[in-house]
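The structure appears below as structure tokens.
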Amino acid sequence: MTEALLQQLLNGLSIGFGYALIALGLTLAFGVLHIINFGHGEVVMLGALTVVMAGKLGLPYLAAVPLAMLVGLLVGWVFDALAVSPLLRRPEGRTDILLTTFAVGVLFNQAVLSVWGPAPARVDGLQGRLEIAGVGLTSQRLFVIVASIAALAALDLLARRTRFGVEMRALAQSEHAARVVGIAVRSVGTRAFLLAAAVAGLGGALLAPITSYSPMLGQAVLIKAFVIVVLGGLGSAVGAVTCALAVGVIEAMLGLVMEEGLAAACVYSLMLLVLLVRPQGLAGAPR
Amino acid sequence: MRMLITAALAGLLAAGTAAAQEVKVGVLYPIKTMLGQQGRNGAELAAEMINANGGVLPGRPLKLVVYDDNYQPADGVAAARKLLSEDKVPVIVGSINTAVSLGITQVAQQGGAMFLAAVTKAPQVTDYDRAFRFNPLVATDGEVFNQYLKDKVKPQRLAVVVENGDYGRSIIANMKAAFGNAVVATELYEILKQTDFSTLASRVKTANPDVVCMAFSAPEQGGNLLRTLAEAGVNAKRCILPGSVTPALIQVAGPAAEGAFTLDIWAPTMSTETNRKFVAAYQAKYKAAPGKVDFLGFESMWVLGQAIRAAGTATDPGRIATTLRQGTWDSPRGPLKFPGNQATSEKWVALAVKDGRIVVSD
Numbered sequence: 001m002t003e004a005l006l007q008q009l010l011n012g013l014s015i016g017f018g019y020a021l022i023a024l025g026l027t028l029a030f031g032v033l034h035i036i037n038f039g040h041g042e043v044v045m046l047g048a049l050t051v052v053m054a055g056k057l058g059l060p061y062l063a064a065v066p067l068a069m070l071v072g073l074l075v076g077w078v079f080d081a082l083a084v085s086p087l088l089r090r091p092e093g094r095t096d097i098l099l100t101t102f103a104v105g106v107l108f109n110q111a112v113l114s115v116w117g118p119a120p121a122r123v124d125g126l127q128g129r130l131e132i133a134g135v136g137l138t139s140q141r142l143f144v145i146v147a148s149i150a151a152l153a154a155l156d157l158l159a160r161r162t163r164f165g166v167e168m169r170a171l172a173q174s175e176h177a178a179r180v181v182g183i184a185v186r187s188v189g190t191r192a193f194l195l196a197a198a199v200a201g202l203g204g205a206l207l208a209p210i211t212s213y214s215p216m217l218g219q220a221v222l223i224k225a226f227v228i229v230v231l232g233g234l235g236s237a238v239g240a241v242t243c244a245l246a247v248g249v250i251e252a253m254l255g256l257v258m259e260e261g262l263a264a265a266c267v268y269s270l271m272l273l274v275l276l277v278r279p280q281g282l283a284g285a286p287r
Numbered sequence: 288m289r290m291l292i293t294a295a296l297a298g299l300l301a302a303g304t305a306a307a308q309e310v311k312v313g314v315l316y317p318i319k320t321m322l323g324q325q326g327r328n329g330a331e332l333a334a335e336m337i338n339a340n341g342g343v344l345p346g347r348p349l350k351l352v353v354y355d356d357n358y359q360p361a362d363g364v365a366a367a368r369k370l371l372s373e374d375k376v377p378v379i380v381g382s383i384n385t386a387v388s389l390g391i392t393q394v395a396q397q398g399g400a401m402f403l404a405a406v407t408k409a410p411q412v413t414d415y416d417r418a419f420r421f422n423p424l425v426a427t428d429g430e431v432f433n434q435y436l437k438d439k440v441k442p443q444r445l446a447v448v449v450e451n452g453d454y455g456r457s458i459i460a461n462m463k464a465a466f467g468n469a470v471v472a473t474e475l476y477e478i479l480k481q482t483d484f485s486t487l488a489s490r491v492k493t494a495n496p497d498v499v500c501m502a503f504s505a506p507e508q509g510g511n512l513l514r515t516l517a518e519a520g521v522n523a524k525r526c527i528l529p530g531s532v533t534p535a536l537i538q539v540a541g542p543a544a545e546g547a548f549t550l551d552i553w554a555p556t557m558s559t560e561t562n563r564k565f566v567a568a569y570q571a572k573y574k575a576a577p578g579k580v581d582f583l584g585f586e587s588m589w590v591l592g593q594a595i596r597a598a599g600t601a602t603d604p605g606r607i608a609t610t611l612r613q614g615t616w617d618s619p620r621g622p623l624k625f626p627g628n629q630a631t632s633e634k635w636v637a638l639a640v641k642d643g644r645i646v647v648s649d
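Residue numbers (our numbering), protein chains in the order written: chain H, 1 to 287; chain U, 288 to 649.
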């Protein structure tokens with residue numbers, strides 16, 4: 001029984017770290033710009049598609065991972081140019097961004113469908129598997145955990161130690177105050193959005209060997225990411241990461257004793273409960 | 288002025304006859320998905336081959352009107368209504384999902400149209416006498432498959448892994464009835480939504496089966512499932528219920544698909560003349576080998592073409608339906624009859640994955 005629990009803990013953690021990167025991008029865009037990016041899932045899908053394509057061209061998986069971040073960045077730039085920046089200039093534009101990002105997401109999804117079709121594809125990530133005391137972990141899952149921790153640490157460093165990070169946090173606290181002290185609010189906001197997209201691309205590249213690539217991948221992960229972000233508190237990075245890990249582990253553990261559909265329903269019930277009794281999320285500031 | 292009007296009228300009339308010459312047939316698949324595209328590819332290839340052979344009625348080619356049912360009953364019903372009211376088709380062909388095909392059956396029945404359910408296994412479809420099912424019922428699959436398992440594989444500890452829906456749950460009921468206490472684990476996963484199978488694989492491993500039976504409708508999920516089972520160290524024989532061992536599955540699963548086996552109504556290697564023609568034309572058109580859904584998409588349209596030709600009408604769905612029910616038709620899987628509106632052929636083939644290819648085993 002302990003073996004099974006330990007095994008599920010590892011499985012849950014590896015998938016939870018994947019969720020964390022995806023949820024972090026969402027919450028970053030909300031925290032800094034106060035917008036919800038409904039096309040975020042498609043950026044993840046394009047990150048996964050990048051490693052598929054790179055594999056077909058003979059590029060090793062590890063080399064394709066940074067490429068997926070770059071693709072995420074570029075796609076983020078398109079999202080920003082079409083669906084975010086033009087609306088931020090309007091006084092009441094923020095709520096419309098929900099719809100414009102959704103529209104651009106659909107455009108990307110349809111473009112992928114018409115160019116590459118709906119066929120799924122396997123991604124051969126890192127090969128091999130570790131086995132300790134009856135508990136196994138594939139190298140790819142271990143890599144997801146390690147790479148996610150590294151990425152999260154790098155992001156934390158960026159937020160605390162760089163000028164951009166400080167400006168970003170200032171903007172998150174109060175746009176008005178940030179403007180008063182001379183921060184280029186527009187440009188910092190755009191860069192934060194691009195950063196979120198690059199992280200989404202990374203998330204797609206890391207998850208692809210586990211989940212396989214499919215054009216539907218974006219929609220499948222987006223819902224989960226939203227649940228996590230709402231649980232953690234919209235805009236809270238710490239909340240997103242801890243709740244992502246918690247959701248991954250809870251789902252895996254519940255999966256031991258019940259059907260996975262029911263396990264997912266439990267997580268959604270948790271979200272409902274949080275929204276009812278603590279609407280700012282578990283780690284969010286009261287509002 | 289008068290001449291102008293006459294010319295315009297003549298033009299309209301000419302356009303009218305040109306349109307009337309084509310025999311329109313409605314096609315509904317979830318075309319944004321892998322399976323839906325396969326069904327559509329098969330149907331389009333059949334129409335092309337029928338038209339290259341002179342069409343369905345003297346001088347009248349088939350024209351397919353294709354809409355997306357999006358795996359959603361509401362979308363399927365809306366599209367079926369549009370096909371009957373605006374496109375005025377006498378026949379609707381296609382549909383994969385059970386709920387969608389039930390919706391289409393209802394719309395067809397209200398409009399008196401014919402419905403050829405190409406891929407769905409829903410039993411209720413044929414309650415309507417102008418609706419025909421091409422894929423065998425789950426119960427039929429089960430009977431043939433369980434007999435094969437009992438005769439050849441003889442499972443002692445059987446794990447059943449299926450998608451959470453009508454289809455999956457009926458398989459579990461079937462297997463429990465056939466194997467009783469030998470069924471040591473039953474697992475359900477969420478259709479399309481589930482991307483990680485590690486928890487499920489751990490549970491299967493704990494049950495320690497000697498045979499794992501699986502069914503899935505999305506190859507990305509089936510492929511992931513096979514890979515995750517292998518990663519978790521499940522060494523049982525893996526059998527897959529009819530219809531899911533496809534090139535796409537092997538592409539996603541990779542080496543993890545090796546040795547998996549299945550039984551089916553059709554295989555690309557079957558040696559009928561029509562099958563050879565179908566497989567060759569499919570390869571030429573789509574640069575890939577056809578799978579089961581491509582075959583069903585093809586077969587339903589191919590048989591419809593013959594039935595319209597034999598009935599001699601494209602406007603009387605009742606007569607086409609009666610003709611179809613009474614005749615014996617040519618299909619890639621051999622001669623096909625429709626007792627109780629169910630497509631039925633004599634032969635089933637045993638298939639296995641070997642060196643990344645689907646081969647006929649014994």
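Virtual Cβ for every residue (Gly too), placed ideally from N, Cα, C.
C-beta atoms of residue i and residue j nearer than 9 Å
i, j, result
"residue 327(U)", "residue 364(U)", "no"
"residue 118(H)", "residue 215(H)", "yes"
"residue 533(U)", "residue 483(U)", "no"
"residue 607(U)", "residue 442(U)", "no"
"residue 568(U)", "residue 336(U)", "yes"
"residue 78(H)", "residue 97(H)", "no"
"residue 331(U)", "residue 344(U)", "no"
"residue 406(U)", "residue 381(U)", "yes"
"residue 202(H)", "residue 21(H)", "yes"
"residue 9(H)", "residue 145(H)", "no"
Alpha-carbon spacing of residue i relative to residue j, whole angstroms
i, j, result
"residue 242(H)", "residue 232(H)", "7 Å"
"residue 476(U)", "residue 61(H)", "29 Å"
"residue 509(U)", "residue 166(H)", "46 Å"
"residue 93(H)", "residue 234(H)", "19 Å"
"residue 559(U)", "residue 586(U)", "13 Å"
"residue 450(U)", "residue 583(U)", "21 Å"
"residue 418(U)", "residue 261(H)", "33 Å"
"residue 299(U)", "residue 372(U)", "Caution applies to residue 299(U), whose pLDDT of 48 falls short of 50 and renders its modelled position unreliable; the value that the coordinates give is listed next. Cα to Cα, the separation comes out at about 22 Å."
"residue 221(H)", "residue 19(H)", "8 Å"
"residue 11(H)", "residue 539(U)", "21 Å"
"residue 500(U)", "residue 379(U)", "34 Å"
"residue 249(H)", "residue 41(H)", "22 Å"
"residue 555(U)", "residue 17(H)", "42 Å"
"residue 527(U)", "residue 58(H)", "32 Å"
"residue 113(H)", "residue 179(H)", "42 Å"
"residue 424(U)", "residue 631(U)", "11 Å"
Contact set between residue i and chain H, taken where Cβ atoms lie within less than 7 Å
i, result
"residue 321(U)", "118, 119 and 120"
"residue 507(U)", "120, 212 and 214"
"residue 483(U)", "15, 210 and 211"
Residue span of the beta strand (DSSP E) that contains residue i, given as start and end
i, result
"residue 476(U)", "470–476"
"residue 525(U)", "524–527"
"residue 551(U)", "548–551"
"residue 645(U)", "644–647"
"residue 355(U)", "349–355"
Interface partners of residue i on chain H, CB under 9 Å
i, result
"residue 532(U)", "Result: empty, since nearest Cβ-Cβ is about 15 Å, beyond 9 Å."
Host alpha helix (DSSP H) of residue i (start-end)
i, result
"residue 256(H)", "237–257"
"residue 403(U)", "Per DSSP, residue 403(U) belongs to no alpha helix (DSSP H); it is in the beta strand (DSSP E), 401–404."
"residue 490(U)", "485–494"
"residue 178(H)", "175–180"
"residue 501(U)", "Taken as a continuous stretch (DSSP letters only), residue 501(U) belongs to no alpha helix (DSSP H), being part of the beta strand (DSSP E) at 498–501."
"residue 230(H)", "217–232"
Neighbouring residues, chain U, relative to residue i (Cβ below 9 Å)
i, result
"residue 129(H)", "518 and 520"
"residue 132(H)", "Correct list: empty, because the minimum Cβ distance to chain U is about 13 Å."
"residue 256(H)", "486, 489, 490 and 493"
"residue 252(H)", "483, 485, 486 and 489"
Beta-carbon neighbours of residue i, restricted to chain H and to distances below 8 Å
i, result
"residue 541(U)", "122 and 124"
Under 8 Å from the C-beta of residue i: neighbouring residues of chain U
i, result
"residue 113(H)", "319"
"residue 138(H)", "518"
"residue 11(H)", "483, 485, 486 and 489"
Proximity test, residue i beta-carbon vs the ligand PLP heavy atom, cut-off 8 Å
i, result
"residue 427(U)", "In terms of ligand content, the structure shown is empty, and the ligand PLP therefore cannot be addressed."
8 Å contact criterion, which residue i and residue j should meet: CB distance rounded
i, j, result
"residue 247(H)", "residue 267(H)", "6 Å"
"residue 458(U)", "residue 447(U)", "7 Å"
"residue 196(H)", "residue 28(H)", "4 Å"
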